[in-house]
Structure formats: C-alpha cells, structure tokens
Amino acid sequence: MPELTTRIGDLTMRSPVMLASGTVGYGPEYEGVIDFGATGAIVTKTITVEPREGNAPPRLVETPGGLLNAIGLENVGLERFLAEKLPEAAPLPVPIVASVAGTGAGQFAQLAAAVGERDEVAAIELNISCPNVERPRNPVWSDPVAVGEIVSAAREATGKTLSLKLSPNTSDILSVAEAAERAGADALTVANTLPGMRIDIERRRPALGNVTGGLSGRALMPVNLALVWKVAEHVSIPVIGSGGIGDTGDALEFLAAGAVAVQVGTALFATPEAPSEIADGLRNYMEENGFASIDELVGMAREERRTCAETA
Ligand SMILES: Cc1cc2nc3c(=O)[nH]c(=O)nc-3n(C[C@H](O)[C@H](O)[C@H](O)COP(=O)(O)O)c2cc1C
Numbered sequence: 019m020p021e022l023t024t025r026i027g028d029l030t031m032r033s034p035v036m037l038a039s040g041t042v043g044y045g046p047e048y049e050g051v052i053d054f055g056a057t058g059a060i061v062t063k064t065i066t067v068e069p070r071e072g073n074a075p076p077r078l079v080e081t082p083g084g085l086l087n088a089i090g091l092e093n094v095g096l097e098r099f100l101a102e103k104l105p106e107a108a109p110l111p112v113p114i115v116a117s118v119a120g121t122g123a124g125q126f127a128q129l130a131a132a133v134g135e136r137d138e139v140a141a142i143e144l145n146i147s148c149p150n151v152e153r154p155r156n157p158v159w160s161d162p163v164a165v166g167e168i169v170s171a172a173r174e175a176t177g178k179t180l181s182l183k184l185s186p187n188t189s190d191i192l193s194v195a196e197a198a199e200r201a202g203a204d205a206l207t208v209a210n211t212l213p214g215m216r217i218d219i220e221r222r223r224p225a226l227g228n229v230t231g232g233l234s235g236r237a238l239m240p241v242n243l244a245l246v247w248k249v250a251e252h253v254s255i256p257v258i259g260s261g262g263i264g265d266t267g268d269a270l271e272f273l274a275a276g277a278v279a280v281q282v283g284t285a286l287f288a289t290p291e292a293p294s295e296i297a298d299g300l301r302n303y304m305e306e307n308g309f310a311s312i313d314e315l316v317g318m319a320r321e322e323r324r325t326c327a328e329t330a
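When you line the sequence shown up against the numbering used here, it's residues 19 to 330, in that order.
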C-alpha cells in the first residue's frame, strides 16, 4: 500500500491534501460535508487581532474557469477564535493549521504567540497576501525586507511550524521566498489569489462591492503551478501548492513541480468530496506506477529528479 504521509516542519500529515484557508470556515461548519479523516490538515479562516466585518456585498462573482472573492478577511478576531472556534474545531479528526494576518510584524508576533501556545494548533500559516483588505502601492507581499521582519517576529514568538503564504501578484517572488526562508519560515504556501474584476453591465457598475477581488479556481492553476516550480527550485524549505487544484491530475502536477502538499479551496464549493477523491486518486496513481511514498513524487518532473530516477 503506498504511503501518503507527508511532513511540513513538525507537522506530519496522513495525506498531502489540505483544505485552503477561507474556504471551510473554522472547520465544524463542514462536518458531515467534507471527509476530514481523508484530509491532511485544515487551514482555518484567517484571523486578525480585532474582529472584522469584511467588505460590502456582493463579495463573490463567478468568472469563466474561476471565482472572484472579496470577502475582506471577515473573521471573529483573536479573542473569540481562542475562546470558541479552536475548542469547537479541536474534536475534528484532522490537524488544525491556524491562519493569521497582522498589520505589521508586531501583530504577526502577537497572533503567532497566542495561537502557537494552544495545543489544538498543529501549525501556523502567516497570511501576508490577502488582496482584498488594502490597496497599497507597495504591498507587503512584494517587499522582502518587510516579509523578513514579519517572519522573524513570528519565529521569535513561537516554536510552532510556520508557513508563509505568498502572493502570485509580484514580479519577484523569489526574493520574498528567500527572505522568508532566511528569517526562519519552515514552509511556504504558494500561493494566494490574483487580483481581478468583473463589471455588471446591466447595473453599469463593478460586480463586486469592493470593485476588485481575488481570482481563484481552475483559471489560477497554471499561474500558481509555475510559481511553485520556480520557488521549489530556489528554497530548501517545503513548498505547499495552492491555486485551482480540483482533481488528482492537478495535485499530481503540483507535486511533480516540487510541492510536498497541496491545498484545495474553490473546488470544494462544487465538489466537497474532492479531498478524499484526490487522496484515493494519488494512491491509485502510486500503486499503478510503482511509487511507495509521496516523497518520490515530489519534484518528479524536474530535470535533476528525472536524472536520478533514470540512473538509479
Ligand atoms: C471565498 C474565499 C475566501 C478566502 N479566504 C482566505 C483567507 O481568509 N486567507 C487566506 O490565506 N486565503 C484565503 N483564500 C484563498 C485560498 O485559501 C486559496 O489560496 C486560493 O483561493 C487559491 O486556491 P483555490 O483556487 O483552490 O481556491 C480564500 C479564497 C476564497 C475563494
């Protein structure tokens, strides 16, 4: 029987298929809908220090091959997350990765310390890449110095496994990835959504209340796959793939590019069974092709890995 186990820092997952932040709430909302038992980990909705109401509606609009969302990080805030949401999610049969977003290094440290000391939290994802909360001209996700400061501060605040979630919306993702690795990140999640918009011609106004939103779903898949390919070659910490992953083929491509795990998000809305179907599909692929472990799939499309396999 092939082994689906994969590791990110101290977090060992029974499956490389994770649930992406913001697409499954805090977990219990999807009990009975998603088979948590077949899932590697759930990344909970990003929380901020203070509660946020999010953006004005409409917040979701479909687009060919994808979805635009402009939720604006609506969340219950740190205090309620610790007091209510974590204890409610703890009984679920799946490790919890807590996603947090601060306004700067100080808040990231505060959030990482607070969630990091909780036993229910297996790892932390630092979300520096939400496109729907601010429109700065020099966003933090493009700034290696600011990213280095955020990761260092979070690293000092907690010993828990830390993954930094990058944005695809930058011209130099490698410098950001490098800064995060140097500052002590244990992994990188590659990547968040890309900004986009639709216009409602009947109403003659932007379809989203926030005007722009983040593009997710199938349309994003080749973009983020290319980023995983680049980043995985450049850093030595594990990369987690995210962006339009909906079936076994997509997951295999991300693993073959160098990701050690994948996150499923938008696909869950139409196919909540996707995580377990992908886990089964990976197992079948491995059985049919003589792979014993996920490690053997990671980077299998890369020249250096191919050469090793061919000469072995
Ligand atoms: C409705 C919605 C809400 C999201 N909220 C968050 C969030 O709170 N934090 C975060 O890091 N990513 C958030 N994301 C991004 C997803 O976690 C994921 O990285 C992205 O959608 C790309 O993957 P997908 O195409 O599989 O959805 C959200 C995505 C959607 C569609």
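We put the beta carbon where it would ideally sit given N, CA and C, even for glycine.
Review point. What are the boundary residues of the beta strand (DSSP E) that K183 is part of?
Key: 179-183
Requested in this report: Would you check whether ligand 1 has a heavy atom nearer than 7 angstroms to the C-beta of Q125?
Outcome: no
*Helix, strand or coil: which one does DSSP assign to R136?*
coil
Could you tell me the boundaries of the alpha helix (DSSP H) in which E251 lies? 239-252
message = Just to confirm, is the Cβ distance from G214 to T230 under 8 angstroms?
response = yes
* **At least three beta-carbon pairs within less than 8 angstroms, the stretch 195-206 to the stretch 177-184** => yes
Whole runs of the alpha helix (DSSP H) within the stretch 83-115, excluding any shorter than 4 residues: 95-98, 104-107
Exercise. Tell me whether I26 counts as near ligand 1, meaning its Cβ is closer than 7 angstroms to at least one heavy atom of that ligand.
Key: no
Handout entry: Any beta strand (DSSP E) of 3 or more consecutive residues that is wholly inside the stretch 182-242
Key = 205-208, 212-214, 231-234
- Item | From R173, A131, T121, G177, residue whose alpha carbon lies closest to that of P157 | T121
Check: When every heavy atom of ligand 1 is checked, does at least one fall within less than 7 angstroms of the C-beta of A225?
Finding: no
Inter-residue Cα distance where the pair is D265 and P105:
31 angstroms
Could you tell me which residues DSSP puts in a beta bridge with R70? N93
Between V282 and ligand 1, is the CB less than 7 angstroms from at least one heavy atom?
yes
**Report entry** Alpha-carbon spacing of D268 relative to S33, whole angstroms
**Finding:** 15 angstroms
Is K248 near ligand 1, going by C-beta to nearest heavy atom under 7 angstroms?
no
Q) Quick one, which of D298, G235, A277, N307 has its alpha-carbon nearest S254's? A) A277
### Query
Taking contact to mean at least 3 C-beta pairs separated by less than 8 angstroms, is the stretch 218-235 in contact with the stretch 92-103?
no
Query raised in the report: Can you tell me whether DSSP reads M19 as helix, strand or coil?
Result: coil
query = Exposed or buried, what is I219 when buried is set at 16 or more other beta-carbons lying within 10 Å of its beta-carbon?
reply = exposed
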